[in-house]
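Every letter in the sequence shown is one number past the one before it in our numbering, and letter 102, counting from 1, is 88.
All C-beta atoms in this analysis are idealised placements derived from N, C-alpha and C, irrespective of residue type, glycine included.
Notes to accompany the following structure.
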Amino acid sequence: MSRNFLVIEPEEGIAVLKGLASSARISMLKLLHEKGPMNVNDIAALLSLPQSTVSTNIQVLEDAGLIRTENQKAKKGSQKICFPTAEEVLVVFKSEYRSLKNDAIEVSMPIGLYTGFEVTAPCGLCSPDGIIGLLDVPNTFLDPDRMKAGLLWFTRGFVEYQFPNNAKLANAEITELELVVELSSEVPGTSADWPSDITLTINGVDAGTWTSPGDFGDKRGVFTPSWWKLKGSQYGKLKNWRISTDGTYVDGVRISETSLAALDLKGHHSIRVRIGVKDDAKRPGGINIFGRGFGNYDQDILLRIKTG
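Structural data, given as structure tokens:
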């Protein structure tokens, strides 16, 4: 299944906060989520509001990105159909990013702070304190406690993260992107020989695929909690993906021709990072993503934005 989330920081999300600061607009959003897409006249009728009031508020919601609209043919002329864009809105008051040098910014993203997903079982999430929700139930990826996750896994599909494009805010030219994340394959139990093709996609463009050799359980991960079963995934490989002007590299080895130019970073206020196993992967061996409290590296997903 797939579900969309919207993550904002207060300073950059004023339009979203304004869009939510109205009982009429909240009622409109609830109606669209409950009943599905509909036109302005239907919204006005169901909420007993003047059409002019609905039209004005629909524009505010559209400007905030909380809905999208399409003009469709009607019996007489055309009609504007309204679609909701996000099932959940998360306001983050403290963004974990820091400047490394004058020419680099590092953003730290907890693995449970994904803004979209589509996963198949076997799948699940764990925090350092215990299992989150139900194992092998994709709907568990909607559980609010996902924010505490230190380990997540699934067989096929993806999780997607929305990083702020701080270079665009600073009007700086991006020269390289680096993504650092601990990964492994996923198999019931563990197996050092269980290859899986894991693909990184940025802003809808496939950057490249790295083949994980296996799912590692020969020893407990350095930070994996003692309650986690020894027969479960213990740690992964810390992979460094780097997208430059001449291609994409993993740990310094060029794996594809996808370059920065293909990502159209100047045209996006955020950098959407998708990690997963495609349905047509030659080696669909699942994926484990390790975060804080699990594996051999006590870290979140790190995105380094280098500028020049």
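Based on Cα-Cα distance, which residue from Lys217, Asp237 and Lys264 lies nearest to Ile184? For this step, residue 184 is matched to residue 198 along the sequence shown. Checking every option, the nearest Cα to that of Ile184 belongs to Lys264.
If you follow the alpha helix (DSSP H) that Met14 is part of, which residue opens it and which one closes it? Sequence index remark: in the sequence shown, residue 14 carries index 28 (1-based). Run containing Met14: Ser9 to Lys21, per the alpha helix (DSSP H) assignment.
If Ser256 and Asn151 are in contact, beta carbons under 8 Å, what's the gap, nearest whole angstrom? Locating residue 256 in the sequence shown gives position 270, counting from the first residue. Locating residue 151 in the sequence shown gives position 165, counting from the first residue. Indeed they touch by this definition, with Cβ atoms about 6 Å apart.
What residues in its chain sit with their C-beta under 7 Å from that of Gly294, if we drop five residues either side in the sequence? To locate residue 294, count along the sequence shown from 1; it is residue 308. Once the five neighbours on either side are set aside, the close Cβ partners of Gly294 are Asp89, Glu159 and Thr161.
Top-ranked residue by Cα proximity to Gly194, from Gly63, Arg142 and Val259: As a working mapping, residue 194 is identified with position 208 in the sequence shown. Of the listed residues, the one whose Cα sits closest to Gly194 is Val259.
Sheet register partners of Cys68 (DSSP bridge): For the purposes of this step, residue 68 is taken as the residue at position 82 of the sequence shown. Per DSSP, Met24 and Thr55.
Count the other CB atoms, across all protein chains shown, that sit within 10 Å of the CB of Val167; report buried if there are 16 or more and exposed otherwise. Counting from one through the sequence shown, the residue named residue 167 turns up at place 181. Val167 comes out buried.
Would Trp213 and Gly116 qualify as a contact pair, given that the criterion is a beta-carbon distance under 9 Å? Along the sequence shown, read from residue 1 onward, the residue named residue 213 stands at position 227. Along the sequence shown, read from residue 1 onward, the residue named residue 116 stands at position 130. Yes, Cβ-Cβ distance for Trp213 and Gly116 is below 9 Å.
Report back the beta-carbon spacing between Gln58 and Ile67 to the nearest angstrom; my notes put them in contact at under 8 Å. Your numbering for residue 58 matches position 72 in the sequence shown. Your numbering for residue 67 matches position 81 in the sequence shown. That belief holds up - the Cβ atoms of Gln58 and Ile67 are roughly 5 Å apart, short of 8 Å.
Whose C-beta lies closer than 6 Å to the C-beta of Leu6 among residues of the same chain, with five residues either side of it excluded? Position 20 of the sequence shown holds residue 6. The answer is none, since no qualifying residue turns up.
Check Arg304 in the structure and name its three-state DSSP category. The structure shown does not extend to residue 304, since the chain is modelled only from -13 to 294, so the question has no answer here.
Starting from the C-beta of Thr71, find all residues in its chain whose C-beta is less than 8 Å away, skip the five residues before and the five after it, and write them out in chain order. Reading the sequence shown from its first residue, position 85 is the one you call residue 71. For Thr71, where only same-chain residues beyond five positions count, the Cβ hits under 8 Å are Asn(-10), Leu(-8), Gly51, Leu52, Ile53 and Arg54.
Where do the ends of the alpha helix (DSSP H) carrying Gly285 lie? Working through the sequence shown from its first residue, we reach residue 285 at position 299. Inspection of the sequence shows that residue 285 is occupied by Gln rather than by Gly. Unbroken run through Gln285: none, as it is neither H nor E.
Based on Cα-Cα distance, which residue from Phe140, Tyr100 and Thr106 lies nearest to Arg132? To locate residue 132, count along the sequence shown from 1; it is residue 146. It is Tyr100 whose Cα lies nearest to the Cα of Arg132.
Can you check the stretch 214 to 247 for any beta strand (DSSP E) of at least 3 residues that lies completely inside it and give the ranges in chain order? 223 to 230, 233 to 236 and 239 to 242
Hey, quick one: how far does the alpha helix (DSSP H) through Ala193 stretch, first residue to last? Against the sequence shown, residue 193 aligns to sequence position 207. That residue, Ala193, is in no alpha helix (DSSP H); its beta strand (DSSP E) goes Val191 to Ser198.
As assigned by DSSP and simplified to three states, the class of Thr106: On the sequence shown, position 120 is the one that residue 106 refers to. Thr106: coil per DSSP, three-state reduction.
Phe69 classed as buried or exposed, judged by whether at least 16 other C-beta atoms fall within 10 angstroms: For the purposes of this step, residue 69 is identified with residue 83 of the sequence shown, where counting begins at 1. Under this definition Phe69 is an exposed residue.
Hey, quick one: how far does the beta strand (DSSP E) through Asp183 stretch, first residue to last? For the purposes of this step, residue 183 is taken as the residue at position 197 of the sequence shown. From DSSP, the beta strand (DSSP E) with Asp183 extends over Ser182 to Ile188.
So, does the stretch 260 to 279 touch the stretch 139 to 151, judging by three or more C-beta pairs under 8 Å? yes
In whole angstroms, what separates the C-alpha of Gly63 from that of Gly22? For the purposes of this step, residue 63 is taken as residue 77 along the sequence shown, with counting starting at 1. For the purposes of this step, residue 22 is taken as residue 36 along the sequence shown, with counting starting at 1. Rounded to the nearest angstrom, the two C-alpha atoms are 22 Å apart.
CB of Thr106 within 9 Å of CB of Gly143, strictly: Counting from 1 along the sequence shown, the entry for residue 106 is found at position 120. Counting from 1 along the sequence shown, the entry for residue 143 is found at position 157. In contact: Thr106 and Gly143 (Cβ atoms closer than 9 Å).
Measuring straight from C-alpha to C-alpha, what distance separates Arg228 and Ser219? As a first step, residue 228 is located in the sequence shown; it is residue number 242 there, counting from the start. As a first step, residue 219 is located in the sequence shown; it is residue number 233 there, counting from the start. So the alpha carbons of these two residues sit roughly 26 Å apart.
For Thr126, count neighbouring Cβ atoms within 10 angstroms of its own Cβ and tell me buried if that reaches 16, exposed if not. Residue numbering aside, residue 126 sits at position 140 when the sequence shown is read from its first letter. Buried is the call here.
Proximity of Ile188 and Leu249 at Cβ, strictly below 9 Å: As a first step, residue 188 is located in the sequence shown; it is residue number 202 there, counting from the start. As a first step, residue 249 is located in the sequence shown; it is residue number 263 there, counting from the start. For Ile188 and Leu249, yes; Cβs fall inside 9 Å.
Would you identify the three-state DSSP class for Leu76, choosing helix, strand or coil? Taking the first residue of the sequence shown as position 1, residue 76 is located at position 90. Strand.
Three-way DSSP call (helix, strand, coil) for Phe144 in this model: In the sequence shown, counting from the first residue as 1, residue 144 sits at position 158. Strand.
Can you tell me which of Val26, Val75, Asp129 and Ser8 puts its alpha carbon nearest to the alpha carbon of Ile(-6)? Position 8 of the sequence shown, counting from 1, holds the residue named residue -6. Ile(-6) has its Cα closest to that of Val75, out of Val26, Val75, Asp129 and Ser8.
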